[in-house]
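*Asks:* Sharing a structure below in structure tokens format, with a few things to ask.
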Amino acid sequence: MTISKTFAIAVFACLLGSSQAYKLIASSRMLGTSNCPDCHGWVAFHEDSNKVVRAVVSLAGMQRQANSLRAMRIHELGDISNSNGSSMAGVFNPEGLVANCEEGTFGGVLGNVQIGADGRAKATLSHNAISLNINNNGLILGRGIAVHNYSQPLDKCPDAIQLGAVLSQGVIGYAPGSEVYNLDLERHVEPMLNEAKAVWHPIPGRNADSDFSGARGTTRFEQLADGVRVHMDLAGLPRNRDLGLHITEFASILEDNVDNLGNVWSPVRNAQHGCRSTDPARSRAGDLGNVRTSDSGTVKESFVLPGVNIFRSGINTLLGRAIVIHNAADDCSDVSASGVKGRRVAYGVIGASNAAFATAAALGVATASALSMLF
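Under mature numbering (1 follows the signal peptide of the UniProt record, and there is no 0), residues -21 to -1, 1 to 354 are what the sequence shown spells out, in order.
The structure is reproduced here in structure tokens:
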């Protein structure tokens, strides 16, 4: 059972057209967990000029939860490495609230969605305590989002109740059209997140490649003084192959549309295609070159990306973007074109993976009011 692609495209068209002066857009592909393998869908977020975040929800595969309410919550971490949802840590609580947990007031509580008789749900939820603005302490980019097995009593705080198993989980990432990516502005926000993680999944639909259907593993990002160290640990790949590796502008896959991942990420204008191993000074930050799979189809490799940060400014942050692997090698010598060969066949959304991020994001509040004048 799949979500309608026409509906997904219509949602993004609506979000893009709803505000000409203020475009902050994000999304999350929702994946099944060990508690509900067939539960899936997506959530698209849009922040309007009044700083209200609207979440458009579309879920399917929830026949066992038919005709019931199920809670949706945002969690502190965008770490979905545990198949049961436990690695996302606690509910996101940017204001440190211990009361007043009604819909739209407590950071991590999106609200409840009604599951229909067919196991599907479509809903729009509004929220005024979260943000897609990277300098707001309510920032949800790079955090986890979950559908829980029970509804959320709106007169109780989420940490005071048990919502049961996580049925579906995802990581919130940048989506096409968000003006935060295009801002040519250094905001001087000090790095406050020292670790991130991407959990790998095969890309479905028209880009699917049977050789990569078992792609799995994690990529860990470690903040250094002058860049980010990347630790690759992948399995389930074709043996003895050179495969192109990139970081993309966006991390949005609604259905099978890999075009929503955007271009190769480049925070520096006029940077050319290249590879970190052949021309790191001139190449785009997202041009990671190639990785070589082993005799057993694994990749275990570490390398450093100089001059970038896990979390800093709108155009110079890895958080909320995607790391993508191709089914062919990158031509590192072709500086006049993308150099990318083959299809995008597996990806992971880069999410927060250390609990300090839950409180450290508040350090950006001082610049939020000045930044708001730009939108």
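Ideal Cβ positions, reconstructed from N, Cα and C, are used throughout, including at glycine.
1. Using alpha carbons as the reference points, say which of F290, S65, W244 and G241 lies closest to N112.
2. Give a yes or no on whether the C-beta atoms belonging to G193 and L213 are separated by under 8 Å.
3. Quick check on DSSP: helix, strand or coil for Q42?
4. E228: which of R218, R220, G215 and S245 sits nearest, CA to CA?
5. Can you give the beta carbon distance from N186 to T272, rounded, assuming they're within the 8 Å contact cut?
6. Buried or exposed: S275, going by 16 or more other Cβ atoms within 10 Å of its Cβ?
7. Label A96 either buried or exposed according to how many other C-beta atoms from any shown protein chain fall within 10 Å of its C-beta, with 16 as the threshold for buried.
8. According to DSSP, what are the bridge partners of Y326?
9. Answer yes or no: do Y153 and L203 have a C-beta to C-beta separation smaller than 8 Å?
10. For F282, does the three-state DSSP call read helix, strand or coil?
11. Output the distance between the C-alpha atoms of N295 and A230, rounded to the nearest integer angstrom.
12. When the distance is taken between beta carbons, is E26 closer than 8 Å to S105?
13. For Q42, collect the residues of the same chain with a Cβ closer than 7 Å to its Cβ; drop the 5 residues on either side in sequence, then sort them by chain order.
14. Go to Q131, then tell me how far its beta strand (DSSP E) extends in each direction, as first and last residue.
15. Measuring alpha carbon to alpha carbon, tell me which residue in A100, F191 and I4 is nearest G40.
16. Are V70 and G90 touching if we call contact CB-CB under 8 Å?
*Replies:* In short, the structure shows the following:
1. In the sequence shown, counting from the first residue as 1, residue 112 sits at position 133. Ranking the options by Cα distance to N112, first place goes to F290.
2. As a first step, residue 193 must be located in the sequence shown, where it is residue number 214. As a first step, residue 213 must be located in the sequence shown, where it is residue number 234. Judged by their CB atoms, G193 and L213 are not nearer to each other than the 8 Å cut-off.
3. Counting from one through the sequence shown, the residue named residue 42 turns up at place 63. Q42 carries a helical assignment under DSSP once its states are collapsed to helix, strand and coil.
4. Position 249 of the sequence shown, counting from 1, holds the residue named residue 228. Comparing Cα-Cα distances from E228 to each of R218, R220, G215 and S245, the minimum goes to S245.
5. Here residue 186 refers to the residue found at position 207 of the sequence shown. Here residue 272 refers to the residue found at position 293 of the sequence shown. About 19 Å separates the two Cβ atoms, so there is no contact after all.
6. In the sequence shown, the residue the question calls residue 275 occupies position 296. So S275 counts as exposed.
7. Walking along the sequence shown from the start, residue 96 turns up at place 117. By the beta-carbon neighbour count (other beta carbons within 10 angstroms, threshold 16), A96 is exposed.
8. The count along the sequence shown starts at 1 and reaches residue 326 at position 347. As computed with DSSP, Y326 is found in a beta bridge with H180 and V303.
9. For the purposes of this step, residue 153 is taken as residue 174 along the sequence shown, with counting starting at 1. For the purposes of this step, residue 203 is taken as residue 224 along the sequence shown, with counting starting at 1. Their beta carbons are not under 8 Å apart, which means Y153 does not touch L203 by this criterion.
10. The sequence position of residue 282 within the sequence shown is 303, counting from 1. Per DSSP, reduced to three states, the secondary structure at F282 is strand.
11. The sequence position of residue 295 within the sequence shown is 316, counting from 1. The sequence position of residue 230 within the sequence shown is 251, counting from 1. If you take the alpha carbons of N295 and A230, they lie about 15 Å apart.
12. Stepping through the sequence shown from its first residue, residue 105 is reached at position 126. Stepping through the sequence shown from its first residue, residue 26 is reached at position 47. No, the Cβ-Cβ distance between S105 and E26 is not below 8 Å.
13. For the purposes of this step, residue 42 is identified with residue 63 of the sequence shown, where counting begins at 1. Setting aside the 5 residues that flank it on each side, Q42 is surrounded in the same chain by G98, each with a C-beta closer than 7 Å to its C-beta; the list follows chain order.
14. For this step, residue 131 is matched to residue 152 along the sequence shown. For Q131, there is no enclosing beta strand (DSSP E), since its DSSP letter is neither H nor E.
15. Taking the sequence shown and counting its residues from 1, one reaches residue 40 at position 61. Checked all of A100, F191 and I4; the closest Cα to G40 is A100.
16. As a first step, residue 70 must be located in the sequence shown, where it is residue number 91. As a first step, residue 90 must be located in the sequence shown, where it is residue number 111. Not a contact, by the Cβ cut-off of 8 Å.
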